[in-house]
Every structure is written in structure tokens, then in C-alpha cells.
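Counted the way our numbering counts, the sequence shown spans residues 5 to 571.
Note that the Cβ used here is the ideal one computed from N, Cα and C, for glycine as well.
Data block below; observations after.
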Amino acid sequence: MSNNFSLILAIAGILTISAFTPDAFGHGLGGDQAEPLTFGDMEVTVRTELTPSDITVGNIDDINMKIRFFDTLTDITLEKVTYRLEIWQAGELLARNLFYDLDGELNVQIKPKEGCNAIDLWRCTIYGGSEHVSAPGALFVQGEGRPSITGPIFVQGGLYNIRVDIEGATSPRTVLATLLSYDTFVSIAQEQNFLIQTANAEEIPVIVKTYYDEVENFQFDSSDNSIYFDMPFDWSPDYVDLVQVVHEEVRVPKDFAPYAEGKQFKGYVNGIEIDQRALLNDPYSFEDTNIIHFLITNKDLKKINESLGSENQNSDIMKLKLVPQSEVSKTSTEFYLVDTKTGEKVPTTVNIAWDGRYGATDEIPFEITFFDENRDLIKDVKYAYSLIDANNIEIERNSGSDPNNPGIVAIEGIDIPKIYVESEGQYRLDILVYGTGLSYNPKYAGIGSAIIEIGPSLPKDSTLPPLVVDPMIPDTTTIPEWIKNNAGWWANGDIDDNSFVQGIQWLIKERIMKIPPTTQGIGAGGNEIPEWIKNNAGWWANGDIDDNSFVQGIQWLIKEGIMKIKS
Numbered sequence: 005m006s007n008n009f010s011l012i013l014a015i016a017g018i019l020t021i022s023a024f025t026p027d028a029f030g031h032g033l034g035g036d037q038a039e040p041l042t043f044g045d046m047e048v049t050v051r052t053e054l055t056p057s058d059i060t061v062g063n064i065d066d067i068n069m070k071i072r073f074f075d076t077l078t079d080i081t082l083e084k085v086t087y088r089l090e091i092w093q094a095g096e097l098l099a100r101n102l103f104y105d106l107d108g109e110l111n112v113q114i115k116p117k118e119g120c121n122a123i124d125l126w127r128c129t130i131y132g133g134s135e136h137v138s139a140p141g142a143l144f145v146q147g148e149g150r151p152s153i154t155g156p157i158f159v160q161g162g163l164y165n166i167r168v169d170i171e172g173a174t175s176p177r178t179v180l181a182t183l184l185s186y187d188t189f190v191s192i193a194q195e196q197n198f199l200i201q202t203a204n205a206e207e208i209p210v211i212v213k214t215y216y217d218e219v220e221n222f223q224f225d226s227s228d229n230s231i232y233f234d235m236p237f238d239w240s241p242d243y244v245d246l247v248q249v250v251h252e253e254v255r256v257p258k259d260f261a262p263y264a265e266g267k268q269f270k271g272y273v274n275g276i277e278i279d280q281r282a283l284l285n286d287p288y289s290f291e292d293t294n295i296i297h298f299l300i301t302n303k304d305l306k307k308i309n310e311s312l313g314s315e316n317q318n319s320d321i322m323k324l325k326l327v328p329q330s331e332v333s334k335t336s337t338e339f340y341l342v343d344t345k346t347g348e349k350v351p352t353t354v355n356i357a358w359d360g361r362y363g364a365t366d367e368i369p370f371e372i373t374f375f376d377e378n379r380d381l382i383k384d385v386k387y388a389y390s391l392i393d394a395n396n397i398e399i400e401r402n403s404g405s406d407p408n409n410p411g412i413v414a415i416e417g418i419d420i421p422k423i424y425v426e427s428e429g430q431y432r433l434d435i436l437v438y439g440t441g442l443s444y445n446p447k448y449a450g451i452g453s454a455i456i457e458i459g460p461s462l463p464k465d466s467t468l469p470p471l472v473v474d475p476m477i478p479d480t481t482t483i484p485e486w487i488k489n490n491a492g493w494w495a496n497g498d499i500d501d502n503s504f505v506q507g508i509q510w511l512i513k514e515r516i517m518k519i520p521p522t523t524q525g526i527g528a529g530g531n532e533i534p535e536w537i538k539n540n541a542g543w544w545a546n547g548d549i550d551d552n553s554f555v556q557g558i559q560w561l562i563k564e565g566i567m568k569i570k571s
């Protein structure tokens, strides 16, 4: 059963997770931010961002690389900066030059060009721009133009090191006594095509999209339908410390039964089973293809190193294995987010799904998925969640590990946190999105909530159907048109609160809306119904949210005492 929840629940979540503007710090596939260094009374750093952020070799011939130099304490960009940029991959220097920028946000056009036959690849690189009169040797372009770098850059997939030295700042003639040096890393993807042969001699095309290095030794085992492949990787602890994430995608047609939509998977790295959060199944991006993501974080890499010891740390290979499991029927619920200040709807929809066999006394893996207005996954989401029980007691809250730069990162728009639930009953799961990307872009930021029903833990080989949110509410709630008309009139101020409440009482009497078998709440209710509830009613009357959303939201309001209904 899938339900949409309303603005009412969304605004209520504001009381549970406070929203604030974060100091941006994090890592994305198309960008990175270095640790800050002290400069006078400031803590300064650089942020590297590529546009577009997800680059596949051969698909893009014009890439913008933005380097920003700023104070992390105030988020103020330093001006009149002289940058020395170096671009490295796999220990090879690809580009090195000085650049100057007036406002401290340097934009450089990167033009990948293949065919370099020089032993030293940097010799094939060409630079575009004019030397700035006050910063000798530094390239600069007046107006809206950009200096450029053309050469063997981003022509191979993998991890690139963008090294940034600040040679001068606040004045083009100021030279720092000690260089400020930063290392940032960006990942470029490449696609490799393979064929697997099934036990029935059927050939199935498989694409591996690697963001790290070229894969090899691709194999398929028909006994368990597993796919595995190798990839060069330096497991030395010093190098692992630098790697934020290793990202690999395996794309398999949905009509190949073992990899059909709804299947679950297990993943292994060097024989160690990885956590479910590191293995994401995306059936949304393509109609006919499932994408299974390996997203192996720095924390996961260190755990694997610790588990396998020195033999693994001295190796130079990463072995990845993907094993399909049985299909699982999931409970799911959906709701949209609203702006934390205005209560206005934002273009973000959240889907929460979980295996109904998990219940009380289990760590329940909740699959949280973020969609934009076009039903595409929202990438690089920074979010927090909070689980609240029926007594309004917070069971668990998670906003990431850095209080100064909050947010759990859902790189591909999907995350699977495990939340321990002690007992059966009704819970509220609040979701707060801080923003997307390194700069916490606020376009998709907002807050929302879902009410979920947790039952008993069942044997994990059980095939019983999943629990529904509320068995007393039919799958399709149909509300008479006159109630919807009343809601629209009430939202527009054409009828008073009492007339609208009478319609709600009729819904309760006819059992179209179920009120929990407890006394009505005594919380925030008052003589006046909050204005934002009227906004919600107006959206429902206009068809922007469905009947179930309206019913579930009013139910929650009455239980919490925000709306008073007389017996």
C-alpha cells in the first residue's frame, strides 16, 4: 500500500528536527572540499566542483571546473586570488599552471582531448587565457569568459587529484610567505560492456560503469547468478585515508529474471560482505534496466582493511561480487516536502519502503528514496531523519557525524539506514533535507513526515504479505465531492471553521477517517485552526494531494490536539 502524506505532517516535523543553514563541507562524485587551514584569523579552504557533476568519458567535451577559496567560519569568498592548479591521475601529472581570479571563484574550461603520445602527458596540455598584469604568469580572462585547459584530462575514468596551491590572496601583488596547499579529488566515470551467458546459453548484456578505475576479470557464475569483477586499488592505509568513496555501477536488464525489479542483493569486497547501505538497487533511472550501486565509503574501506589485515593492505586489487537474492514484497509510503519557513511545497518527493518481515525487536532497513519534480532521483542529497513513537518520544535521530556540517549523504538519491524498533505500534518518521551538493543547494530542501505501522518480527523466509499503514483505511479512500468543495471554500475564506469541522465530523462518523482509540490530544489545539492547515485543504481541493493524504493528515492533527473535534 502506498500513501501520500500531507503538509500537515510536514510542518509538524519542524518541531522535531531544527533546520539551520550549515557550513558546507562534504564530498560528492563531481566535487570535493579540502580540510581548512589557518590564514590570519580565518580558517580557509578550497572547494572544487565540476559541471556537470556526473561525467562519463566520451560523453562531454566542455566541462567547467570551479575552484572557490573561502573562509569556512563566515562563508566569505576571498578576493584577488592567485591559484596554482595541478591535475593528476594515477601518479601522472596532466596539467600545471597559474591562474588569477578577481572574486575568488575561479572557473576554468576543461576540454578533454585524446591522442597524446608524449611520455609525459602534461606536455600535450594547452592553456588559454591572458597573463594578468599584476600577477605575472597567471592566466586571466576579462568579463564572462574563462581561461581554458585542453589536453589528456578526463579522457579516462577514475579518480583525479586536483591540487590547489594559493600563492596570493586579497591582492594580486600579495605573495604568501607559506603556500596554502590543498588536495581535492573528483571521480570521472567510464562504461565497459560485457556479455554474460546463462545456463540456457542466453546472452545478457551487462554494463559496468566505474568511477574509479577500469575493471577486469569480469565473470558470471550461473550456479548462483552472481557477477564479479576485479579493479586495481591501492589498499595501503595512507592511500585509503584519501579515498572518500569507491563507486561502481552494475547495469542489468530487468527482463533477466535473477536481476528483475524487486530483487534484493548481497555484495562482497575481497570476500567481506558489505553493509546494505553500501549496496543500492536503483530500478527508477531506466525503464528496462536495474542499476546496482556499490558505494564503498572511506569508513567501509578501513573496516575491510582492519578485517583482512596486512595481507590486504599490501595488495593492489579490489574484488567485487554481486549476488542476487529472492524477491521481497515491501511496504512503502510517499510524501512531499515543504519549506521549513514558509510551509510552501518544494519539488521533492520522498519514498520510504521496508521489508514487512522486519518488525519489533529488529533493526529495520528503511529504504529512503528522493525524487524531483520529474520523478528522477535527486543526487547527492544531505538529509537527516528522526523516528518518534505514538507518545511523541524520539526513538532515534541521525543528522550525520559532523555537527558543524550536518547531513547524511545519499549520493545516488537512495539511502538505507537501519533503525532499531523495540515494540510494535505506530511511529512517525520525519525527514529533513538540508540541500544538495557541496554547497547545500536549497532547491530541494524541506521537511516532511510519514506515519508507519510496525508489526511483529516475522521469520525472514516468510512470504506473508507486508503490513499496511492502517487496516481500517481502505486502499483507495473516496471522499464525497461536497467535502472537497467545503475544503476549497474554507481555504478561500468563503466558509468558517465550524462549517469545515462539521465536514470532518461526518468523515469520522462514516468511518472514512479513523481516529485512534485514545483520547483526543491536548497539544497545540486552540480556538483558531492554524493558517497552514487551510493551505493544505486548498491543495487537496485543487487535486495537488490525494484523498489519503488529506485523511491521514487530519487524523494526525486530531490525535495531537492541533485540531479539536467535538464528540
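{"Asked": "Is it the case that the Cβ atoms of residue 341 and residue 249 are separated by a distance below 8 Å?", "Found": "no"}
{"Asked": "Helix, strand or coil, according to DSSP, for residue 492 in the structure here?", "Found": "helix"}
{"Asked": "Between which two residues does the alpha helix (DSSP H) holding residue 345 run?", "Found": "Element bounds for residue 345: n/a, residue is neither H nor E."}
{"Asked": "Might you give, ordered along the chain, the residues of its own chain that have their beta carbon closer than 8 Å to the beta carbon of residue 68, omitting 5 neighbours on each side?", "Found": "54, 55, 111, 112, 113, 114 and 150"}
{"Asked": "In whole angstroms, give me the CA-to-CA distance for residue 296 and residue 223.", "Found": "16 Å"}
{"Asked": "How about the stretch 440-448 and the stretch 389-397: do they share at least three Cβ pairs that are nearer than 8 Å?", "Found": "no"}
{"Asked": "Just how far apart, CA to CA, sit residue 139 and residue 103?", "Found": "9 Å"}
{"Asked": "Going by CA-CA distance only, name the one from 214, 409, 374 and 344 that's closest to residue 61.", "Found": "214"}
{"Asked": "Determine the closest residue to residue 378 out of 120, 351 and 399, with distance taken between C-alpha atoms.", "Found": "351"}
{"Asked": "Find out if the Cβ-Cβ distance for the pair residue 283, residue 271 is shorter than 8 Å.", "Found": "yes"}
{"Asked": "Going straight from the alpha carbon of residue 98 to that of residue 304, what length do you get?", "Found": "30 Å"}
{"Asked": "Which residue or residues does DSSP assign as beta-bridge partners of residue 294?", "Found": "256"}
{"Asked": "Could you spell out the range, first to last residue, of the alpha helix (DSSP H) harbouring residue 241?", "Found": "241-244"}
{"Asked": "Using 8 Å as the threshold, is the C-beta distance between residue 73 and residue 108 below it?", "Found": "yes"}
{"Asked": "Using three-state DSSP, classify residue 167 as helix, strand or coil.", "Found": "strand"}
{"Asked": "Just how far apart, CA to CA, sit residue 411 and residue 384?", "Found": "11 Å"}
{"Asked": "Between which two residues does the alpha helix (DSSP H) containing residue 304 stretch?", "Found": "302-312"}
{"Asked": "For a minimum of 3 consecutive residues, which ranges assigned as the beta strand (DSSP E) are wholly contained in the stretch 54-85?", "Found": "67-75"}
{"Asked": "For residue 454, which beta-bridge partners are listed by DSSP?", "Found": "433"}
{"Asked": "Compute the beta-carbon to beta-carbon distance between residue 129 and residue 155, rounded to the nearest angstrom, for a pair I have assumed lies under 8 Å.", "Found": "3 Å"}
{"Asked": "Give the DSSP-derived three-state secondary structure of residue 542 in the structure shown.", "Found": "helix"}
{"Asked": "Out of 294, 463, 81 and 163, point me to the one whose CA is closest to residue 254's CA.", "Found": "294"}
{"Asked": "Count the other CB atoms, across all protein chains shown, that sit within 10 Å of the CB of residue 216; report buried if there are 16 or more and exposed otherwise.", "Found": "buried"}
{"Asked": "To the nearest whole angstrom, what separates the beta carbons of residue 35 and residue 93, a pair I think is in contact under 8 Å?", "Found": "With a Cβ gap of about 17 Å, residue 35 and residue 93 do not count as contacting."}
{"Asked": "Using three-state DSSP, classify residue 505 as helix, strand or coil.", "Found": "helix"}
{"Asked": "Using the rule of at least 16 other Cβ atoms within 10 Å of the residue's Cβ for burial, across every protein chain shown, is residue 182 buried or exposed?", "Found": "exposed"}
{"Asked": "Would you check if the distance between the CB atom of residue 371 and the CB atom of residue 353 is smaller than 8 Å?", "Found": "no"}
{"Asked": "For residue 4 and residue 458, which I take to be in contact (beta-carbon distance under 8 Å), what is that distance rounded to the nearest angstrom?", "Found": "Limits of the chain in this structure are 5 at one end and 571 at the other, which puts residue 4 out of reach."}
{"Asked": "For residue 38, which option in 134, 315 and 190 has the closest C-alpha, if you only look at C-alpha atoms?", "Found": "190"}
{"Asked": "State the start and end residues of the unbroken beta strand (DSSP E) segment that holds residue 351.", "Found": "349-359"}
{"Asked": "Using a Cβ-Cβ cutoff of less than 8 Å, which residues in the same chain neighbour residue 475 once the five nearest sequence positions on both sides are dropped?", "Found": "Interpretation of residue 475 is limited by its pLDDT of 35, a score under 50 that renders its predicted location unreliable; no figure is taken from the coordinates."}
{"Asked": "Give the secondary structure of residue 130 by DSSP, where H, G and I count as helix, E and B as strand, and everything else as coil.", "Found": "strand"}
{"Asked": "With a threshold of 16 other CB atoms inside 10 Å of the CB of residue 497, please say whether the residue is buried or exposed.", "Found": "exposed"}
{"Asked": "Please state whether DSSP places residue 101 in a helix, a strand or coil.", "Found": "strand"}
{"Asked": "Could you please give the first and the last residue of the uninterrupted beta strand (DSSP E) stretch that includes residue 232?", "Found": "230-236"}
{"Asked": "Less than 8 Å between the CB atoms is what I'm expecting for residue 158 and residue 59, so what's the real figure, rounded?", "Found": "6 Å"}
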